[in-house]
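One structure is given below, encoded as structure tokens.
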Amino acid sequence: MSMVALSDIICTNENEAEFITKIPQNSMEDAEKAAAQMITMGPEHAIITLGAKGVLLASKGKQGIEHIPVKKVKAVDTTGAGDCFCGSLAYFLVHEGLSVPDAIRKAAGIAALSVQRKGTQSSYWSREEIEREHPDLL
């Protein structure tokens with residue numbers, strides 16, 4: 001049994017989605033196909049991050065693939081943005097009890113903040129900074 005089958009939620013970027021599904025990722029349509037295929041592998045939710053193009057969400061028992069856009073920002077360094085997204089997503093799901101789509105929206109917003117700074121962990125905003133400058137993200 002694969003790790004995907006044992007997961008409730010799988011969160012990938014385009015390269016990881018291609019590795020898991022063997023579907024080359026050259027377009028939004030390809031990403032949608034990969035998200036749909038990952039759902040057939042066992043998880044309740046399949047998430048594919050697409051950088052500036054947003055996030056795709058496929059959910060078991062729900063028709064279609066949801067595209068969640070992200071706010072356009074001037075990216076300085078995208079290193080660590082995926083980790084920032086996944087960590088924020090976990091926080092919003094577990095600590096705040098948000099729905100998966102709502103948690104994705106907030107996590108994408110926080111990841112968008114991180115790409116505006118250089119570095120990995122040094123690019124992550126503190127809770128205090130977010131509360132002060134972007135309270136809508138919490």
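With the UniProt record's numbering applied, the sequence shown closes on residue 138, and no number is skipped along the way. Ideal Cβ placement from N, Cα and C applies to all residues, glycine included. What you are looking at is a predicted structure, and each value in this text was computed from that prediction instead of being measured.
Smallest Cα separation from residue 107: which of 118, 93, 10, 73?
93
Spell out the partners DSSP gives residue 66 in its beta bridges.
57
Look at residue 70 and residue 54 and say whether their C-beta atoms are less than 9 Å apart.
yes
Identify whether residue 15 lies in helix, strand or coil by the three-state DSSP scheme.
helix
Decide if residue 49 is buried, meaning its Cβ has at least 16 other Cβ atoms within 10 Å, or exposed.
buried
Report yes or no: do three or more beta-carbon pairs, one from the region 80-91 and one from the region 101-121, lie closer than 8 Å?
yes
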